[in-house]
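A.B. asks: Top to bottom, those sequences are chains V and Z. Each residue of the first sequence is one higher than the one before, counting from 28 in my numbering. Each residue of the second sequence is one higher than the one before, counting from 28 in my numbering. From the three backbone atoms N, C-alpha and C, an ideal C-beta is built for every residue, glycine too.
Protein chains: 2
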Amino acid sequence: MDEYMLETIELELAILIRRTTSITSNKKISKLDRSAYLLLHQLSANGSAGIKVLSDEFRLDISTVSRQAAALEQKGYVYRIPDPLDGRAYSLQITDLGTKELIEYKQARIKRITELLKDWSEEEKDSFGKLLKKFNQSFIDR
Amino acid sequence: MDEYMLETIELELAILIRRTTSITSNKKISKLDRSAYLLLHQLSANGSAGIKVLSDEFRLDISTVSRQAAALEQKGYVYRIPDPLDGRAYSLQITDLGTKELIEYKQARIKRITELLKDWSEEEKDSFGKLLKKFNQSFIDR
DNA sequence: GATAAATAGTTGTATAATACAATAACATAG
DNA sequence: CTATGTTATTGTATTATACAACTATTTATC
Numbered sequence: 028m029d030e031y032m033l034e035t036i037e038l039e040l041a042i043l044i045r046r047t048t049s050i051t052s053n054k055k056i057s058k059l060d061r062s063a064y065l066l067l068h069q070l071s072a073n074g075s076a077g078i079k080v081l082s083d084e085f086r087l088d089i090s091t092v093s094r095q096a097a098a099l100e101q102k103g104y105v106y107r108i109p110d111p112l113d114g115r116a117y118s119l120q121i122t123d124l125g126t127k128e129l130i131e132y133k134q135a136r137i138k139r140i141t142e143l144l145k146d147w148s149e150e151e152k153d154s155f156g157k158l159l160k161k162f163n164q165s166f167i168d169r
Numbered sequence: 028m029d030e031y032m033l034e035t036i037e038l039e040l041a042i043l044i045r046r047t048t049s050i051t052s053n054k055k056i057s058k059l060d061r062s063a064y065l066l067l068h069q070l071s072a073n074g075s076a077g078i079k080v081l082s083d084e085f086r087l088d089i090s091t092v093s094r095q096a097a098a099l100e101q102k103g104y105v106y107r108i109p110d111p112l113d114g115r116a117y118s119l120q121i122t123d124l125g126t127k128e129l130i131e132y133k134q135a136r137i138k139r140i141t142e143l144l145k146d147w148s149e150e151e152k153d154s155f156g157k158l159l160k161k162f163n164q165s166f167i168d169r
């Protein structure tokens, strides 16, 4: 029973990833992509931070975050504040435009998920959210 | 409450995808990648099929599946049976070697997930598996 | 304080998974 | 039999990632 459920989880996760990857490369719903969205979310929720800190939090390579940040800066969604104590470093700060886009994108995502889950019970949604969060937690801690 | 939970689901899904993408491009655990794994799984579970049928089932572009199939054939994990009724088409059949790799890969994945979820209750695992499956269902039906 | 080692960030290059467009070979409908 | 549709392949582009080489700067060591 246990073994079987793990197999299900394992398979359904793989399917989920493939499906999302496909949809992502498909539709340009908004001006934001997933990586940009998560970066903006982080800056918005937890305040400004440098590339290094962000890449640690995200468990991504510094170079990856560096490019993501450059793209966001180029679009005017973030700006850089040089670190007064360290000439190499700076903080990324979300702009008003960035905040606006973030909210719009988030709203569009929530709308889509609301639609997908419209037949789910409150309890199921609640449970799914919590378990996903818990899974990501274990996942991140490795 | 509802709105909040949808926001959580939405965010945690994005995080999950990013995290998995990162890990995928990171570790070569096995000879299989996720796409190859899912293709083999499909052939193993639902019998042989052609590229067209597979790409419909997977909601992927034909060209994508065509390349995945070519890669698997090249490794000796599948072989082609020409369709006797249609000179353009053929069936993909999993080989013994393919089956062997599939089982090994699946086992490795289950092991990893077992480890990740070792502190979860039976009920949580059960619930997570079912909800993931249900989510993919809604997701696929669009 | 001078030099060595560590750190923050950028840029070049590579890989994986996808899509779309053009094409070839074949099948079916009129 | 010709026009249209279908299966699969191949060329090209995009996106998100990693690793490696590099620059500029900071910190540690002697």
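List the residues of chain Z that N163 (chain V) touches, going by C-beta distances under 8 Å, in chain order.
C.D. replies: E39, I42, L43 and R46
A.B. asks: What does the Cβ neighbour count give for L81 (chain Z), buried or exposed, with the cut at 16 atoms within 10 Å?
C.D. replies: buried
A.B. asks: May I ask you to report which of helix, strand or coil DSSP gives R107 (chain V)?
C.D. replies: strand
A.B. asks: Taking the alpha helix (DSSP H) that L118 (chain Z) falls in, what are its first and last residues?
C.D. replies: Before going on, a small fix: residue 118 (chain Z) reads as Ser here, not Leu. Careful: S118 (chain Z) lies outside any alpha helix (DSSP H), inside the beta strand (DSSP E) at Y117 to I121.
A.B. asks: Who are A76 (chain V)'s beta bridge partners in DSSP?
C.D. replies: V:L119
A.B. asks: By DSSP, does G125 (chain V) sit in helix, in strand, or in coil?
C.D. replies: helix
A.B. asks: Quick one: does S71 (chain V) have its CB under 8 Å from some CB of chain Z?
C.D. replies: no
A.B. asks: Strictly below 8 Å CB to CB, what residues from chain Z border K152 (chain V)?
C.D. replies: D29, M32, L33 and I36
A.B. asks: Using the Cα positions of L33 (chain Z) and S49 (chain Z), report the straight-line distance between them to the nearest angstrom.
C.D. replies: 24 Å
A.B. asks: For the stretch 125 to 146 of chain Z, which residues have a CB atom closer than 8 Å to at least one CB atom of chain V, in sequence order?
C.D. replies: K133, R136, I137, I140, T141, L143, L144 and D146
A.B. asks: Say whether chain V places a C-beta atom closer than 8 Å to the C-beta of S75 (chain Z).
C.D. replies: no
A.B. asks: Please confirm if R94 (chain Z) has its CB atom under 8 Å from at least one CB of chain V.
C.D. replies: no
A.B. asks: On a CA-only basis, which of V:N163, V:F166, V:K138 and V:Q120 is nearest H68 (chain V)? Give me that one, please.
C.D. replies: If we check each option's Cα against that of H68 (chain V), V:Q120 comes out closest.
A.B. asks: Between the Cα of F162 (chain V) and the Cα atoms of Z:T91, Z:S148, Z:K161 and Z:N163, which residue gives the shortest distance?
C.D. replies: Z:S148
A.B. asks: Taking the alpha carbon of L112 (chain V) as the point to measure from, which residue in V:T47, V:Q164 and V:G77 has its own alpha carbon closest?
C.D. replies: V:G77
A.B. asks: Would you check if the distance between the CB atom of L66 (chain V) and the CB atom of A97 (chain V) is smaller than 8 Å?
C.D. replies: no
A.B. asks: Scan the stretch 86 to 113 of chain V for residues whose Cβ lies nearer than 9 Å to a Cβ of chain Z and list them as they occur along the chain.
C.D. replies: R86, L87, D88 and T91
A.B. asks: Is there a C-beta anywhere in chain V that falls below 8 Å from the one on L65 (chain Z)?
C.D. replies: Yes, because at least one Cβ of chain V sits closer than 8 Å to the Cβ of L65 (chain Z).
A.B. asks: Mapping the DSSP letters down to three states, classify S49 (chain Z) as helix, strand or coil.
C.D. replies: helix
A.B. asks: Just the C-alpha distance for D88 (chain V) and R94 (chain V), rounded to the nearest angstrom, thanks.
C.D. replies: 10 Å
A.B. asks: Let me know the secondary structure DSSP gives K175 (chain V) once reduced to three states.
C.D. replies: In the structure as shown, chain V begins at 28 and stops at 169. Residue 175 (chain V) is therefore absent and cannot be evaluated.
A.B. asks: With 8 Å as the threshold, decide whether the Cβ of K160 (chain Z) is near any Cβ in chain V.
C.D. replies: Among the CB atoms of chain V, one or more fall inside 8 Å of the CB of K160 (chain Z).
A.B. asks: For R139 (chain V), name the three-state secondary structure that DSSP assigns.
C.D. replies: helix
A.B. asks: Between the stretch 152 to 159 of chain V and the stretch 152 to 159 of chain Z, do three or more beta carbon pairs fall short of 8 Å?
C.D. replies: yes
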